[in-house]
Every structure is written in structure tokens, then in C-alpha cells.
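For the sequence shown, the positions run 54 to 454 when our numbering is used.
Note that beta-carbon positions come from the ideal geometry of N, C-alpha and C, so glycine has one too.
Keep in mind that this is a model prediction, so the values were computed, not measured.
Below is one structure, written out as C-alpha cells, with a few remarks after it.
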Amino acid sequence: MTTNVMAVYSATLSCMNVAPGMAFWKPALVIGVVTVFGALIPGILDQFQNFLLLIGALFIPAFSVMIVDYYLVGRDGYGRELLTAKHQLGRPTRGGGDRRLSDRCRPRRLLVAGLTAGVRRLAAGVRDHRHALLAGRTATDPATPAGRRRGVRAMSGFALPRGDATSWYRLQPLADAITLIDEPGIKPFYRCNIWHVRGRDRDLVVDFGLGAVPLRERVALLSERDIVAVASHTHFDHIGSAHGFDCCHVHAAEADILAAPDNARTLAARFLDDAMFDTLPPLPYAHSGYRIPAPAAIQTLEDGDVIDLGDRRFEVIHTPGHSPGGIALWEAASATLIAGDILYDGELIEDAYHSDLDDYAASLRRLRALPVRSVHGGHFPSFSGQRCHALIDAWLRDHDR
Ligand SMILES: [Zn+2]
Ligand SMILES: [Zn+2]
54 MTTNVMAVYS ATLSCMNVAP GMAFWKPALV IGVVTVFGAL IPGILDQFQN FLLLIGALFI
114 PAFSVMIVDY YLVGRDGYGR ELLTAKHQLG RPTRGGGDRR LSDRCRPRRL LVAGLTAGVR
174 RLAAGVRDHR HALLAGRTAT DPATPAGRRR GVRAMSGFAL PRGDATSWYR LQPLADAITL
234 IDEPGIKPFY RCNIWHVRGR DRDLVVDFGL GAVPLRERVA LLSERDIVAV ASHTHFDHIG
294 SAHGFDCCHV HAAEADILAA PDNARTLAAR FLDDAMFDTL PPLPYAHSGY RIPAPAAIQT
354 LEDGDVIDLG DRRFEVIHTP GHSPGGIALW EAASATLIAG DILYDGELIE DAYHSDLDDY
414 AASLRRLRAL PVRSVHGGHF PSFSGQRCHA LIDAWLRDHD R
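Here it is as C-alpha cells:
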């Protein structure tokens, strides 16, 4: 008797989960009647074992897929907001908006979509892991293309691996005595490009990365000579290690943020979590303890200022839009543009709390007029002047500007 009441009660609650607006008595009545008549069917209890088998056959694989999807493949992809969101389903994008799967939350569609996505992701995870094993690496190795693209976790572990401080930064020498320094443990979407430019009298460094591993102490190139340090803007992925330099230059419109770089205004509060990483910074780093120290001295820049390295001159171009104090550095002699986050070859962020679309369009138009040959952006690989024009034209077209 007790078992039957509990069965009716839990079946009723399941119905109400699917359709929360439903009155309790309706499903309770229907299920109660079905149960009573069901119990009267002769010989039905003999079939109980088969019934349990059927339930097991149907639900154990479904729940296995869900559990593997939640805890292994899509770990941390399900935030509280997502699970409690009524009308928006889907992972938050870096831009902050949610991809809408449907306008209304339809439970049946959700279940089907969830199961399909789970099976697909599981299959992809197994495939990546097999590829990684064949290549002699783990699936979490940022060096595997699949690991880099989607950050698939190793199927055998629950936590992201930790990186090593000595190999946290990677250096890639490019043309015109420019070196790209970056943090391969961070996914490309979030990985800031740190630019080092060799000059005759002094060097230039633009941006400083996340700051989880001290930049200047770990990259010998940055401690050899006199350095002019410039922040393209003050988002956390660009200024984490700025305090390692005696004085940091920044556009006047964001000097106040650099002077007190809290997690809200630098966007760390919005973006910093496991989803950013393929490999976590070495201990004792923890997301919860992330704070950016302010540089000891800050010098402001304005549009038209020139940074002189002795034999090379970089002109400051104020490029608001992504953020109010964004700047690009333009070396006319080599037709090189160090662009910051206003322009790179990837998804641009134009919806931060201090972004402005009119400013964005005006800044891009300004850059479009430069006779540029190579662009070094704030994220993703560098590109040609031709690509630069194509990207700007596409942006202006997409935004009806
Ligand atoms: Zn930014
Ligand atoms: Zn950035």
C-alpha cells in the first residue's frame, strides 16, 4: 500500500515537473486510476521483473549519458543561471548573450536536445581521447587541436590539469623584430596576445596577459632591457601582469581602472572560470583568489602620442568601442598595427558594460584608412592588411554602418 502511494505521488510530481502549471489533483487522479486498474490485471505482478528490466534498459543509458555529459564532457558548462533560466537554454557566450535554442522551454524538446547533444559530445570526447592517445598525448593537452578548440577533458579525470610556471608562457618570434608571447594553457578565445617589440634604445611591450604566473620573472626577454610598457586597454586578460613593470602606460579614459583594477570593471568577474582554460595555472592559483595588483606608476596616453624606441616610432590611435580607453599602436615605417581588442581575427566583443557601437564603428573606419600591411590583434593569429580590410568591411556591413 505504502509503495503504491509513493509510486503515485512521485509519478504525479514528475508530471508537475514537466508542466509546472498543472494542478496536483489532475495527474494524481489519472495516475491513481491507472494504478488501480493496472493492479487488477491478472498476472501483472508476474511481469514486474520485465517491467524493471524495461525501465533499466531505457533509463540507465539515458542517465549515463547525462551524467557523463554533465560531469566529464561539459563540466562547468552548466552554470546556475543556465539551469534555472526559464526561457533561454544554451551555454553563455563570451559576448555575454545566450544562444537561444527555443523561445519557450519545451520539456520534450529539451530532453531530446539534451540526449542528442550528450551522445554527440560523448562520441566526440571518445574520438578526441583516441586521437590524443594515438598521438601520445592526453586529450587535455593544449597542443592537440581538439583540446584547444573545445577543451575536452581527459575521460579519466574530473579536474583540469595544472600547468608549470616554467612553461606557462610561449614565445614566437615574428617579422620586424616583434615577438608574440602568449599563454597556451588558456583557450584561444580568451588568450591575450602579449607583443614585444625590439627597439634600438628600448623595447616595447603591449599587454601583459592574465597574470596568474608572473610574466616578467618568467620571460627573460622582458627583463633584459629598458622597456616601455603599454596596456591596449584594461580588461583582465590584458593587464594581469602589468604591475611587474615600473610604469604602465594606458589611455587616459581607462587610467582609473588600471589604478584600481577590480574584477568587475576588468571583466574578470564575468569570464574567469574553468571554461577559459585547457590547463590551469600552477598552484596556488585559484579563480576565487584572483586579484590584479595595480602598477606602481601609471602614465596616461592620448590620441596622437608617440612611443619612441630610438629607431622605431609607434603612434597612439585612440580606438574606443570595445572599451572606452582602447588604443592601437601604429608604426608607419613598417605599416604595422598593434590593434588590441578593437580588431582581431575572431569573435569581437562589442557588448561589454562599457562598449559602444558608434565608437566601435568610428574606430574601425579610422583603422580602415591606414595603409596597413600586418595587424597584430589582442587575440588570435596576426593577419594581413587585406584581411584587415575584409574584417572591417564585414563588421560594418553586419552592423549596418
Ligand atoms: Zn578586452
Ligand atoms: Zn581581450
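### Message
Nearer than 6 Å: is that true of the beta carbon of Asp404 relative to any heavy atom of ligand 2?
### Response
no
### Message
Between the segment 425 to 439 and the segment 225 to 240, can you find at least three pairs of beta-carbon atoms closer than 8 Å?
### Response
yes
### Query
Exposed or buried, what is Glu270 when buried is set at 16 or more other beta-carbons lying within 10 Å of its beta-carbon?
exposed
### Query
Do Ala349 and Ala312 have their CB atoms nearer than 7 Å?
no
### Query
So is Thr219 buried or exposed if we call it buried at 16+ other beta carbons inside 10 Å?
exposed
### Task
Quick one: grab the DSSP three-state call for Asp451.
helix
### Message
If distances are taken between C-alpha atoms only, which option among Gly264, Asp254, Ala273, Arg215 comes closest to Thr232?
### Response
Ala273
#### Entry: Cα-Cα separation between Ala392 and Pro337, rounded to whole angstroms
33 Å
### Cβ-based neighbour list, Glu403, same chain, cut-off 8 Å, excluding 5 preceding and 5 following
Gly148, Gly374, His375, Leu410, Tyr413
### Query
Within the chosen definition, does the segment 301 to 317 reach the segment 430 to 449 through at least 3 CB pairs nearer than 8 Å?
no
### Query
His140 by DSSP, collapsed to three states: which one?
Reliability of the predicted coordinates at His140 is poor, the pLDDT of 45 falling under 50, and the value obtained from them is presented with this limitation in mind. Coil.
### Query
In the structure shown, what three-state DSSP assignment does Ser435 receive?
coil
### Task
Determine the closest residue to Asp356 out of Val281, His296, Arg419, Asp398, with distance taken between C-alpha atoms.
Arg419
### Message
For a minimum of 3 consecutive residues, which ranges assigned as the beta strand (DSSP E) are wholly contained in the segment 197 to 282?
### Response
223 to 226, 231 to 235, 247 to 250, 256 to 259
### Task
Using the DSSP secondary-structure output, state which residues sit across from Glu384 in a beta bridge.
Thr389
### Query
Using DSSP with H/G/I as helix, E/B as strand and the rest coil, what is Asp361?
strand
### Message
If I follow the unbroken alpha helix (DSSP H) through Arg419, where does it start and stop?
### Response
410 to 421
### Message
If you follow the alpha helix (DSSP H) that His291 is in, where does it begin and where does it stop?
### Response
289 to 292
#### Entry: At least three beta-carbon pairs within less than 8 Å, the segment 61 to 69 to the segment 80 to 89
yes
### Task
Note down, in chain order, each residue of its chain lying with its Cβ closer than 6 Å to the Cβ of Met75, except the 5 sequence neighbours on either side.
Met69
### Task
To the nearest angstrom, report how far apart Ser437 and Val118 are at their CA atoms.
44 Å
### Task
Pick out whichever of Pro334, Ala295, Ser294 has its Cα sitting closest to the Cα of Ile239.
Pro334
### Query
Would you report the Cα separation of Val369 and Tyr123, rounded to the nearest angstrom?
47 Å
### Query
CA-CA distance, Arg251 and Val281?
11 Å
### In DSSP terms, what Val303 is bridged to
Thr353
### Alpha-carbon to alpha-carbon, Ala415 and Arg152
For Arg152, the predicted model reports a pLDDT of 42, less than 50, meaning its position is unreliable; a value from the coordinates is still stated below. C-alpha separation (whole angstroms): 28 Å.
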